[in-house]
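First comes the structure, then the notes that go with it.
In structure tokens:
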């Protein structure tokens, strides 16, 4: 079976989830290329070597700029905190390699459009991790609609509910604009927008209303472990503003 | 037990539903006044006498203007098609009697405000049939919130779904602006707006977006029976535009 | 519309429920005979006159033996505590009148068989209140099976769950063998046995296992009101054994 | 991390499922010993080498008797068709090694008891794959009951429903007594019996009734692939009796 060497940039929650997927895919499916878990990148304080051993990566790196350019690497998977999605993905594109990037791919619409243009210009394959498309129920809904079995779609009601972010949760990077870029709209609603497009086969043409309200405006500063290597450990124990 | 003579204006779907309620209330509850089902009004072609016999009204009438002024009547229940809610309710208020009116009470905000002013000026009791307040689950939600058991309410998600109005349904009065005044916003969403206010104890202060789209733009003209006495029987079989 | 005068023997929970049904049936359906709520029987201490007024019976009686023989009465509805089902039903049959009897119709199989024989010999119509047959879902299941739409029925799983009988509930007549005849098997399982026969169209031919266990073996003695006129008010406050 | 070399005997549906588990356990948990996927056994016609490569076993074997005795192997996992559970498990016990065996561990109660005695005599650790104990909901139920939070358990209702075995399914080994030993009672009900014991902490002391009925008495003979290497390929296309 032909293989492709994968580098993964990032090793947080999504890093674990993607490691699992890269390791399992050839057991349950028969893809045309077998992914080889070549190298994982993490910040030195995240101990990427230990992560690599636990999750089955052959190597660990603390220098993503070099890693994405390495001739050993055939595909780069971007699973960093949001603010690094665009710079890393652009570097992969610049290296002429296919990039699979977590959503949201950028913090601004302009950045996202530039990334699309860069990928087209470089003629590299790109992929955004809208993983719900492969949930069996969603995939089936897509097929049912595509086959015309339920006629014209008139309404879609979509709500992405999560309940983990109550007052007890500290100021993770997801709550800071400089790291996350956006809040629930980019993080969660991106999925339901994509699923709507995927299931209906239609594009959204108008936004008739939107509300964004941050109910918990301040959170406890976390230790470093909770921030994907971004936090200021010294400040732990104080409070900081939620900015998304 | 002290009694009060009720007149009901209208005898369609809501007329049957209210007749049932007026007849059942003293069996399951012990209200301070026992309602007497005195007279029901219907158009002559609706045969209000037969309706009265089936549903337990002592008398039938085809003249609502006189009925609401009759000294026999202590309370008037308005269950006509929407366009008659305001004129009948205003006549009851003018007669100095309490009025219980189906929603939407009027076709325009201006009319509704005038009705409120008229009722205040005449010092008559009024009641709008937001019946979901007495659904046990809704009443319990109201109590739970009022008791502070779930803290501050941050979100309410409310959708009123009905599925009867597909292409097979003819042009009932509910689909014509001149009779209905409004469409699903007045007919169904009125309930969820009221429930939101009732359960949360809060007022809506801003509307951030709204869509209104009529998917089925034309329907078969119905016979008279389907229109609450409003239809043009001769036209049955043709097509007419949906205007709400 | 032709009418039939109904007498109802009993005025407990089922008495209220049946009163409601007798009053509502001609509003929602068009039966060949209109039932007239002629007379309700109750024990003197139950105040059947007040019950009659609340629920719409024209008369009240405290002598059921005479009532079932009265030439005024065309049909008798038996809703007493269980131990009186058989004696009252037999008296109605002896009077040559149709009888509608609550389940279980008797406390023993022998009694039940004698009742069937008596009814056949007297050529009177009988009816047992297996009301779930008219629940829309059950009626639909019956039709679906009868139409052969789901093929051969191989398994039926049926459980009748109720949760009201915890330790806080006093020794109602349902917990005493002399009044109830049987426990949950006669009271609740009778319904699921009937539904199984009704939906499948098959008879039960073998019982492969059965357990009967009374977990709460003793309950507080209730006041008279809780016992359908059967209780010994003086004893209230003590404890008594559960015997079903 | 200390390691233990695992041999797995069998490579059917459970073989794939267990391979997945052995490979994933150290990623999601931190067990005291790290299992090494040393060798998988399969019949020559099952191609255990290909299975080993796909699922991550270091070696493949077609001789289980030697494999279980190999000094390389520290633990044996038995996932064969049912009729081989007992012989393989006994051989592992005889080799003085811990054995993890799929259920049902034997086709008869006598065999099962002998296995328990043999394991005790040899002082080897044993484990039966009642995997539902680790389903989060079941584990939580166990904890809730153990903590006394819901008081005395009076009833357990347990039904194991599967719907795959309709007329279209051929005569897999699960339908033949010589390979399967028992039918749904051993295969599925074993799980609910174990869960009942696990959640309640109580033992079953009496069986009050049981039914066993084979509705589909004959099935098409399958090709070899469907039988875990047990089938008679030449006979494929004919019919055979279901014997469990």
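Protein chains in written order, with my numbering: chain A, 107 to 350; chain B, 107 to 350; chain C, 107 to 350; chain D, 107 to 350.
Think of the CB as a built atom: it goes at the ideal place given N, C-alpha and C, for glycine as much as any other residue.
None of the values given here were measured: they were computed from a predicted structure.
### Message
Can you check whether the C-beta of residue 260 of chain B is within less than 7 Å of a C-beta belonging to chain A?
### Response
What you label residue 260 of chain B is simply residue 154 of the second chain in a count that begins at 1. So yes, residue 260 of chain B belongs to the interface.
### Query
Which term fits residue 139 of chain C, buried or exposed, when burial requires 16 or more other beta carbons within 10 angstroms of its beta carbon?
The sequence position of residue 139 of chain C within the third chain is 33, counting from 1. In this structure residue 139 of chain C is exposed. Its beta-carbon is surrounded by fewer than 16 other beta-carbon atoms within 10 angstroms.
### Task
Taking all protein chains shown into account, decide if residue 339 of chain A is buried (16 or more other Cβ within 10 angstroms of its Cβ) or exposed.
Locating residue 339 of chain A in the first chain gives position 233, where the first residue counts as 1. Since pLDDT at residue 339 of chain A reaches only 46, below the 50 mark, its modelled position is unreliable, and the value read off the structure follows with that caveat. When all chains shown are included, residue 339 of chain A counts as exposed.
### Task
Consider the Cβ of residue 264 of chain A: report whether some Cβ of chain B lies at a distance smaller than 7 Å.
For the purposes of this step, residue 264 of chain A is taken as the residue at position 158 of the first chain. For residue 264 of chain A, no CB of chain B lies under 7 Å from its own CB, so it is not counted at the interface with that chain.
#### Entry: Those runs of the beta strand (DSSP E) which lie wholly inside the stretch 146 to 203 of chain D and span at least 3 residues
Fully enclosed beta strand (DSSP E) runs of 3 or longer: 165 to 167, 181 to 184.
### Interface positions of the stretch 311 to 326 of chain D facing chain C (Cβ-Cβ less than 9 Å), listed along the chain
Hits within the stretch, in order: 312, 313, 314, 315, 316, 317, 319, 321.
### Message
Going residue by residue through the stretch 301 to 335 of chain A, where are the continuous beta strand (DSSP E) segments of at least 3 residues, counting only ones entirely within it?
### Response
List check, beta strand (DSSP E) in window: 324 to 326.
### Message
Strictly under 7 Å for the Cβ-Cβ distance: is residue 67 of chain A near chain D by that measure?
### Response
Since the displayed chain A opens at 107 and closes at 350, residue 67 of chain A lies outside it and no answer follows.
### Query
Quick one: is residue 258 of chain D buried, meaning 16 or more other Cβ sit within 10 Å of its Cβ, or exposed?
Position 152 of the fourth chain, counted from the first residue, corresponds to residue 258 of chain D. Around the C-beta of residue 258 of chain D, fewer than 16 other C-beta atoms lie within 10 Å, and the residue is accordingly described as exposed.
### Message
With distance defined between alpha-carbon atoms, name the residue in A:129, A:229, A:292 nearest to residue 318 of chain A.
### Response
The residue given as residue 318 of chain A occupies position 212 in the first chain. Measuring from the Cα of residue 318 of chain A, the nearest candidate turns out to be A:292.
### Message
Looking at the secondary structure, which residues open and close the beta strand (DSSP E) in which residue 206 of chain B lies?
### Response
Translated into positions along the second chain, residue 206 of chain B becomes position 100. Unbroken beta strand (DSSP E) run through residue 206 of chain B: 205 to 207.
### Query
Thinking C-alpha only, which one of A:316, A:307, A:345 is nearest residue 324 of chain A?
Taking the first chain and counting its residues from 1, the one referred to as residue 324 of chain A is at position 218. That would be A:345, whose Cα lies nearest to the Cα of residue 324 of chain A.
### Task
Identify whether residue 236 of chain A lies in helix, strand or coil by the three-state DSSP scheme.
As a position in the first chain, residue 236 of chain A is number 130, starting the count at 1. In the structure shown, residue 236 of chain A adopts coil according to DSSP, grouped into three states.
### Task
Would you check if there are 3 or more beta carbon pairs closer than 8 Å linking the stretch 264 to 274 of chain A to the stretch 243 to 252 of chain A?
Contact between the stretch 264 to 274 of chain A and the stretch 243 to 252 of chain A is absent, because fewer than three Cβ pairs lie under 8 Å.
### Task
Kindly indicate which residue of A:114, A:227, A:264 has the alpha-carbon position closest to the one of residue 154 of chain A.
Numbered from its first residue, the first chain carries residue 154 of chain A at position 48. The candidate whose alpha carbon is nearest that of residue 154 of chain A is A:114.
### Task
Would you mind reading off the limits of the alpha helix (DSSP H) that contains residue 243 of chain C?
Working through the third chain from its first residue, we reach residue 243 of chain C at position 137. Note, residue 243 of chain C: alpha helix (DSSP H), 242 to 252.
### Task
Can you check the stretch 256 to 304 of chain A for any alpha helix (DSSP H) of at least 4 residues that lies completely inside it and give the ranges in chain order?
Counting only runs of 4 or more residues that sit fully inside the stretch 256 to 304 of chain A, the alpha helix (DSSP H) segments are 283 to 286, in chain order.
#### Entry: Within-7 Å CB hit, residue 340 of chain B to chain C
Translated into the one-based positions of the second chain, residue 340 of chain B becomes position 234. Caution is warranted here: a pLDDT of 48 is assigned to residue 340 of chain B, below 50, making its placement in the model unreliable, and no coordinate value can be reported.
### Message
My assumption, with CB atoms under 8 Å, is that residue 351 of chain C sits in contact with residue 206 of chain C. Please give the rounded CB distance.
### Response
Only positions 107 to 350 of chain C appear in this structure, which leaves residue 351 of chain C out of reach.
### Query
So is residue 216 of chain B buried or exposed if we call it buried at 16+ other beta carbons inside 10 Å?
Here residue 216 of chain B is taken as the residue at index 110 of the second chain, counted from 1. With fewer than 16 other Cβ atoms within 10 Å, it is exposed.
### Query
If you drop the 5 nearest sequence neighbours on each side, which residues of the same chain put their C-beta closer than 7 Å to that of residue 231 of chain A?
Counting from 1 along the first chain, the entry for residue 231 of chain A is found at position 125. Contacts found: 204.
### Message
Starting from residue 126 of chain C, trace the alpha helix (DSSP H) in both directions and tell me its first and last residue.
### Response
The sequence position of residue 126 of chain C within the third chain is 20, counting from 1. First-last of the alpha helix (DSSP H) with residue 126 of chain C: 119 to 134.
### Query
Would you say the stretch 209 to 224 of chain D touches the stretch 183 to 195 of chain D, given that touching needs at least three Cβ pairs under 8 Å?
Touching, yes.
### Message
So, for residue 276 of chain B: in the same chain, excluding its five sequence neighbours on each side, which residues have a beta-carbon less than 7 Å away from its beta-carbon?
### Response
The count along the second chain starts at 1 and reaches residue 276 of chain B at position 170. Closer than 7 Å at the Cβ level, and outside the excluded window around residue 276 of chain B, lie 325, 326, 327, 328, 332.
### Task
Go ahead and pull the three-state DSSP assignment for residue 350 of chain C.
Residue mapping note: residue 350 of chain C aligns to position 244 of the third chain, counting from 1. In the structure shown, residue 350 of chain C falls within a coil segment according to DSSP collapsed to helix, strand and coil.
### Task
Taking residue 126 of chain D as the query, report the chain A residues whose CB atoms sit under 9 Å from its CB, ordered along the chain.
In the fourth chain, counting from the first residue as 1, residue 126 of chain D sits at position 20. Within chain A, the residues near residue 126 of chain D are 130, 133, 134.
### Query
Whose C-beta lies closer than 6 Å to the C-beta of residue 239 of chain D among residues of the same chain, with five residues either side of it excluded?
Sequence index remark: in the fourth chain, residue 239 of chain D carries index 133 (1-based). So the list reads 304, once near-sequence residues are dropped.
### Message
Quick check: residue 281 of chain C and residue 348 of chain C, are their CB atoms within less than 7 Å of each other?
### Response
Your numbering for residue 281 of chain C matches position 175 in the third chain. Your numbering for residue 348 of chain C matches position 242 in the third chain. The Cβ-Cβ distance between residue 281 of chain C and residue 348 of chain C falls below 7 Å.
#### Entry: Chain-ordered residues of the stretch 151 to 167 of chain B with a beta carbon less than 8 Å from chain C
Of all residues in the stretch 151 to 167 of chain B, 160, 161, 162 have a Cβ within less than 8 Å of some Cβ in chain C.
### Query
Between residue 117 of chain A and residue 152 of chain A, is the Cβ-Cβ spacing less than 7 Å?
The sequence position of residue 117 of chain A within the first chain is 11, counting from 1. The sequence position of residue 152 of chain A within the first chain is 46, counting from 1. Result yes, Cβ atoms of residue 117 of chain A and residue 152 of chain A sit closer than 7 Å.
### Query
How big is the Cα-Cα spacing for residue 262 of chain A and residue 165 of chain D?
Residue 262 of chain A sits at position 156 when you count from the first residue of the first chain. Residue 165 of chain D sits at position 59 when you count from the first residue of the fourth chain. Per the coordinates, the alpha-carbon of residue 262 of chain A lies some 52 Å from the alpha-carbon of residue 165 of chain D.
### Query
Whole-angstrom Cβ separation of residue 289 of chain A and residue 315 of chain B, contact assumed at under 8 Å?
One-based indexing of the first chain puts residue 289 of chain A at position 183. One-based indexing of the second chain puts residue 315 of chain B at position 209. Incorrect: roughly 19 Å between the Cβ atoms, too far for contact.
### Query
Does DSSP classify residue 63 of chain C as helix, strand or coil?
The question about residue 63 of chain C has no answer here: the residues shown for chain C are numbered 107 through 350.
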